[in-house]
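A.B. asks: This is the structure I want to talk about, given as structure tokens.
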Amino acid sequence: MPDIEYSQADLISAFLEKRLSDNLDAFKKYSPDIYSEFSNYKEKRFFVIYDADGNINVLDRESGRLLYGSNPVAETINNYEEYKKSPLHKPFFTVFKDSAVCKTNPVHTSLMRSLGDVQVSLIRKSMEDGISYLSKSDESNQSFSDVSYGVLPEKIGRLFWFSTGLGFDLEKMYKENRVSNLYLIEPNKDIFFASMQMIDWAYILDKMNKLGLSIYIGLSDDVDELIDDLTIEVYKGGRHRVAGSFIYSAFYLDGYDKIFEKVKNQIDLKFFSGYGFYDDARLSVAHTVGNFKNGVPCLRSDVSKIKDFGQRDWPVFVIGNGPSLDSDIEFIKNHSSDVIIVSCGSALSTLYKNQIKPNIHVELERTADVVTFIKSNYDDSEDFSIYLKDVFFIGASQVHPDAFSLFDSKGQMLKDVEAGSLMMHKIFGAEGVSLIGRIAPSCVHIGFTSAILLGFRNIFFFGVDMGYVDREYHHSKSSLYEKMNDESKKTWTPKAAGEIEFDSNFGEGQVYSSGYLPMFKNELETIIISWKNTFPDSISVLNCSDGAKIEGADPIRSSDIIFSDFGKVDAQVLSKILNSYFSFIPEDIDAVSSELNRCFDKIDEMVVWLKSKIFHAHTIEDAEKIIKNISYDFHSDDFDISKDDYWLYAIFDGTLLYSISAINSILYFPVGESYKVESFNDAMKEFDLFLDNLKSDFRHNCLKTDNEENYNYF
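Quick note, the numbering used here runs 9 ahead of the 1-based positions in the sequence shown.
Written out as structure tokens, the structure reads:
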């Protein structure tokens with residue numbers, strides 16, 4: 010039989026066919042959904058091509074251009090080799106600038122400061138040893154990557170990989186490294202299909218299965234779907250595991266930059282925020298108990314009470330304190346009798362200064378600076394107490410009792426996932442009190458949700474800017490921020506670092522946003538969409554603010570509002586509405602004291618259990634097991650706790666999430682393993698001490714309210 014000579018093109022064709030077949034078999038075994046998607050897949054725009062010499066590339070059929078240069082393999086591998094020298098890392102740092110004792114959250118801050126010191130020591134020691142290594146002329150058994158800070162470690166906790174491209178870099182990385190969780194985000198299925206013809210996905214999936222690793226593959230050209238699915242996947246594994254992640258991106262198509270930027274923002278705004286912490290939880294208990302003992306009526310779910318008074322047709326102005334409020338303040342004043350005005354947080358001072366009285370004022374925060382802010386209006390006029398008499402105050406139950414005492418008419422609502430709220434729901438849930446979601450993280454959020462809960466369906470935003478054009482002009486000029494002392498003004502002035510640009514509400518340029526504001530915007534958009542899904546085709550949300558565009562809220566100039574389209578507001582009917590919703594006052598308040606006395610011993614048991622799961626780690630695998638013990642196992646059947654006592658987790662979970670995020674970040678710093686394990690053990694000693702502090706502090710201070718003296722803004 011004569012020898013058959015095959016051209017390079019023939020060999021490449023056979024290779025692609027065999028590689029695709031093998032990879033499909035592997036996906037059929039490990040990921041049937043992906044197998045179903047690609048078993049009979051036909052490319053739409055991007056195709057793997059090769060020439061007579063066997064050179065491969067990806068062709069964009071629409072433009073006719075090639076996506077790679079003359080040597081895609083070398084190009085891809087070289088990009089990855091450069092990345093390894095200086096990878097993009099997302100650590101969770103808890104470093105404090107000063108050593109002053111924090112008066113408002115001492116237990117939590119003490120732990121975070123200590124963990125920050127451990128992180129700094131780790132980086133410093135690694136860098137010093139790296140410099141020492143380079144200065145030595147003799148041979149060393151250590152490699153530079155063992156001692157140097159900044160190179161990609163062999164063991165990686167989480168890696169976000171933006172687009173496969175042809176995938177040669179992905180294959181090389183997976184062969185060289187152990188990645189506990191790989192999150193692959195690919196907006197174009199043609200590109201992923203190209204990787205299935207090129208790289209050894211079968212090897213990657215087999216290694217994943219053999220070592221107990223995890224690979225998440227997000228495939229969608231819908232950015233919202235990509236982010237939503239990724240968020241669900243991250244939450245399933247625990248947000249703390251994102252701390253210390255690495256991010257890799259080397260292949261781009263048009264539009265990828267905006268998609269990947271949104272994913273990065275999601276990591277910063279969603280995964281690294283909203284944790285809460287122990288001292289917050291303790292204040293939640295103290296303030297909620299105080300408000301119940303003071304007889305503040307609570308929002309009640311009671312279908313027997315009539316709550317429909319035609320209010321769904323009334324217009325409601327939800328007013329934040331952003332800079333654009335100044336341009337609409339006269340409009341609001343002129344139409345104050347035509348609408349229900351809900352002032353949110355510091356917007357109250359702006360309205361008061363402009364002789365506008367809100368129907369409802371809302372507050373969310375638990376700290377005593379809420380009281381300080383409200384009381385500061387007395388400096389302008391003693392008439393302020395009269396001004397407040399006709400204002401109905403709605404606060405989350407954790408708001409300071411002294412804030413409620415400033416108002417004659419008031420009501421509280423139990424915010425979900427709050428320790429105090431969960432405790433009260435356990436005690437009085439059968440009597441009709443409910444846990445309320447969608448009211449955080451700012452006063453605008455509770456203002457909007459309060460309006461929806463009270464039966465209003467036509468909502469207008471004013472001063473809800475979620476950003477600024479000028480950093481010096483970040484709130485209304487009529488607000489109390491203008492009266493702050495210089496130190497406080499400096500603290501509240503937005504910083505350029507970390508600023509994000511958003512499209513403006515009216516499409517006239519860009520709005521800058523930094524600090525918590527981008528996260529507030531993200532959460533408000535989620536809440537608006539959620540309420541619209543709850544009440545389909547019945548909620549209108551319009552945004553009159555000249556700030557950032559808010560998804561779900563249609564832009565409208567205040568001058569374009571036609572009040573004849575809405576029902577006529579009646580103040581007496583509003584009073585009936587509020588009283589019908591806020592109607593629960595417990596008959597047996599002593600049940601609260603009984604529950605608290607019982608829970609002290611249970612908290613002691615929880616502390617003992619957590620401390621028993623800590624041991625001296627010798628490897629990263631040991632350290633990962635400890636983190637699993639104090640995160641997953643603490644919330645599993647391994648820890649014996651009745652469902653009635655689940656509310657006690659809220660005492661621990663905030664600082665627990667913060668601390669294990671910081672500690673997890675230590676484990677995946679780009680330094681040698683021995684450094685990380687040593688620092689991990691140091692960090693766990695600090696965590697062990699925190700558990701002792703928590704146990705003692707809660708037993709002795711659980712009913713201690715926050716102190717106004719802790720805040721000196723004016």
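Backbone N, C-alpha and C define an ideal beta-carbon position, used for all residues, glycine too.
Every value quoted in this text rests on a predicted model; they were computed, and no experiment measured them.
Let me know if Ser488 comes out buried or exposed under the rule of 16 or more other beta-carbons within 10 Å of its beta-carbon.
C.D. replies: Ser488 should be labelled buried.
A.B. asks: Ignore the nearest five residues each way along the sequence and tell me which others in Trp618's own chain have a CB closer than 6 Å to its CB.
C.D. replies: For Trp618, where only same-chain residues beyond five positions count, the Cβ hits under 6 Å are Phe648.
A.B. asks: Quick check on the burial criterion: 16 or more other C-beta atoms within 10 angstroms. Buried or exposed for Asp288?
C.D. replies: Label assigned to Asp288: buried.
A.B. asks: State the start and end residues of the unbroken alpha helix (DSSP H) segment that holds Arg607.
C.D. replies: First-last of the alpha helix (DSSP H) with Arg607: Asp599 to Ser621.
A.B. asks: Report buried or exposed for Leu175, applying the criterion of at least 16 other Cβ atoms within 10 angstroms of its Cβ.
C.D. replies: By the neighbour-count rule (16 or more Cβ atoms within 10 Å), Leu175 is buried.
A.B. asks: Excluding the 5 residues flanking Leu97 on each side, which residues of the same chain have their C-beta closer than 6 Å to its C-beta?
C.D. replies: Correct list, in chain order: Ile256.
A.B. asks: Could you round the C-beta distance between Phe47 and Met205 to whole angstroms and report it? I think they count as a contact, below 8 Å.
C.D. replies: Their Cβ separation, rounded to whole angstroms, is 6 Å, which keeps Phe47 and Met205 in contact under 8 Å.
A.B. asks: Less than 8 Å between the CB atoms is what I'm expecting for Phe318 and Val520, so what's the real figure, rounded?
C.D. replies: In fact, because the Cβ distance is near 38 Å, the residues do not count as touching under 8 Å.
A.B. asks: Please name the residue or residues paired with Ser258 in a DSSP beta bridge.
C.D. replies: Beta-bridge pairing links Ser258 to Phe171.
A.B. asks: CA-CA distance, Leu235 and Phe416?
C.D. replies: About 46 Å.
A.B. asks: For Asn552 and Tyr265, what's the separation of their Cα atoms in angstroms?
C.D. replies: Cα to Cα, the separation comes out at about 29 Å.
A.B. asks: My guess is that Ile537 and Gly561 are in contact by the Cβ rule of under 8 Å, so how many angstroms apart are they, rounded?
C.D. replies: Right, the Cβ-Cβ distance comes to about 4 Å (below 8 Å), so this counts as a contact.
A.B. asks: If we ignore side chains and look at the alpha-carbon of each, how far apart do Arg466 and Lys558 end up?
C.D. replies: When rounded, the distance between both Cα atoms is 20 Å.
A.B. asks: Beta carbon of Ala252, beta carbon of Pro367: below 9 Å?
C.D. replies: Taking 9 Å as the Cβ cut-off, Ala252 and Pro367 do not qualify as a contacting pair.
A.B. asks: In terms of alpha-carbon separation, which member of Lys419, Ser95, Asp237 and Lys53 lies closest to Asp199?
C.D. replies: Of the listed residues, the one whose Cα sits closest to Asp199 is Lys53.
A.B. asks: Ignore the nearest five residues each way along the sequence and tell me which others in Ser79's own chain have a CB closer than 8 Å to its CB.
C.D. replies: Correct list, in chain order: Asn64.
A.B. asks: Would Gln17 be called buried (16 or more neighbouring beta carbons within 10 Å of its own) or exposed?
C.D. replies: Exposed, since its Cβ has fewer than 16 Cβ neighbours within 10 Å.
A.B. asks: Rounded to the nearest angstrom, what separates Trp210 and Glu137 at their Cα positions?
C.D. replies: Trp210 and Glu137: Cα-Cα distance of roughly 40 Å.
A.B. asks: Taking the alpha carbon of Phe393 as the reference point, which residue from Leu357, Ala626 and Gly441 has its own alpha carbon closest?
C.D. replies: The residue with the shortest Cα to Cα distance from Phe393 is Leu357.
A.B. asks: Kindly indicate the opening and closing residues of the alpha helix (DSSP H) around Asn467.
C.D. replies: Taken as a continuous stretch (DSSP letters only), Asn467 belongs to no alpha helix (DSSP H), being part of the beta strand (DSSP E) at Asn467 to Phe471.
A.B. asks: Any idea what DSSP makes of His627, helix, strand or coil?
C.D. replies: The answer is coil: DSSP assigns His627 none of H, G, I, E or B.
A.B. asks: Which same chain residues end up closer than 6 Å to Ile418 when comparing Cβ atoms and leaving out the 5 residues on each side of it in sequence?
C.D. replies: In the sequence on display, residue 418 carries Ser and not Ile. Only Phe401 meet the Cβ criterion.
A.B. asks: Going by the DSSP bridge assignment, what does Ser418 pair with across the sheet?
C.D. replies: Bridge partners of Ser418: Phe401.
A.B. asks: Give the DSSP-derived three-state secondary structure of Val426 in the structure shown.
C.D. replies: Three-state DSSP puts Val426 in coil, outside helix and strand.
A.B. asks: From what residue to what residue does the alpha helix (DSSP H) around Ile213 run?
C.D. replies: First-last of the alpha helix (DSSP H) with Ile213: Trp210 to Leu220.
A.B. asks: So the alpha helix (DSSP H) Asn186 belongs to, where does it begin and stop?
C.D. replies: Here Asn186 belongs to no alpha helix (DSSP H), and DSSP marks it neither H nor E.
A.B. asks: Leaving out five residues on either side along the sequence, give the residues of the same chain with a beta carbon under 6 Å from the beta carbon of Arg708.
C.D. replies: Taken in chain order, the residues that qualify are Phe609.
A.B. asks: Does the distance from the C-beta atom of Ile639 to that of Ile650 stay below 9 Å?
C.D. replies: It is not a contact, given that the beta carbons lie outside the stated cut-off.
A.B. asks: Just to confirm, is the Cβ distance from Asn66 to Leu76 under 9 Å?
C.D. replies: Cβ atoms of Asn66 and Leu76: closer than 9 Å.
A.B. asks: DSSP state of Met10, grouped into three classes?
C.D. replies: Low confidence applies to Met10: its pLDDT is 46, below 50, so where it sits in the model is not reliable, and the reading given next is rough at best. Coil.
A.B. asks: Compare the C-alpha of Val327 against each of Phe382, Val298, Leu360 and Val442 and name the closest.
C.D. replies: Per the Cα distances, Leu360.
A.B. asks: Taking 8 Å as the cut-off, does the region 495-510 touch the region 454-464 (at least 3 CB pairs, one atom from each stretch)?
C.D. replies: No: the two stretches stay apart, fewer than three of their Cβ pairs being nearer than 8 Å.
A.B. asks: Do Ser522 and Lys504 have their beta-carbon atoms positioned less than 9 Å apart in this structure?
C.D. replies: No, they are not a contact pair.
A.B. asks: Can you give the beta carbon distance from Phe286 to Tyr50, rounded, assuming they're within the 8 Å contact cut?
C.D. replies: With a Cβ gap of about 48 Å, Phe286 and Tyr50 do not count as contacting.
A.B. asks: Reducing DSSP to helix, strand and coil, say where Phe153 ends up.
C.D. replies: Because Phe153 carries a pLDDT of 49, less than 50, the predicted location of this residue cannot be relied on, and the following value inherits that uncertainty. Helix.
A.B. asks: In the DSSP output, which residue or residues are listed as bridge partners for Glu510?
C.D. replies: Beta-bridge pairing links Glu510 to Tyr521.
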